[in-house]
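Residue numbers (the working numbering): 4 to 77. Using N, Cα and C, we set each Cβ at its ideal position, and we do this for glycine too. If you're wondering where the values come from, they're calculated on a predicted model, not measured in any experiment. What follows is a short report on a single structure.
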Amino acid sequence: MLFNDWLKKEKLSYTDASAQFGVSRITIYYWAIGTNRPSPKYNHIIYEKTRGEVTANDHQRAYELAREYDDADI
Numbered sequence: 004m005l006f007n008d009w010l011k012k013e014k015l016s017y018t019d020a021s022a023q024f025g026v027s028r029i030t031i032y033y034w035a036i037g038t039n040r041p042s043p044k045y046n047h048i049i050y051e052k053t054r055g056e057v058t059a060n061d062h063q064r065a066y067e068l069a070r071e072y073d074d075a076d077i
């Protein structure tokens, strides 16, 4: 599941998620839209806190989708 989809499912704002994951609101936003991928440390934390619903592969997929969107604008 994409991180942004998980946030919506859990009804978590970026601000609420930032407190839960111990990072800034903007970091959560960038992870959610696929601009940035979490470090291995945060991949593990996200995996644990989402009970395995969001994996490192999901972050990679979000990143690739964001790149495809950016490339379509060119």
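- DSSP places L5 in the coil class of the three-state scheme, outside both helix and strand.
- Note on the stretch 8-39: whole alpha helix (DSSP H) runs with a minimum of 4 residues are 17-24 and 28-36, in chain order.
- Here D61 really is in contact with L5; their C-beta atoms are around 5 Å apart, less than 8 Å.
- In this structure, the straight-line span from the alpha carbon of I49 to that of D19 is close to 14 Å.
- Counting only residues of its own chain and dropping the five nearest sequence neighbours on each side, R40 has a CB closer than 6 Å to the CB of H62 and Y66.
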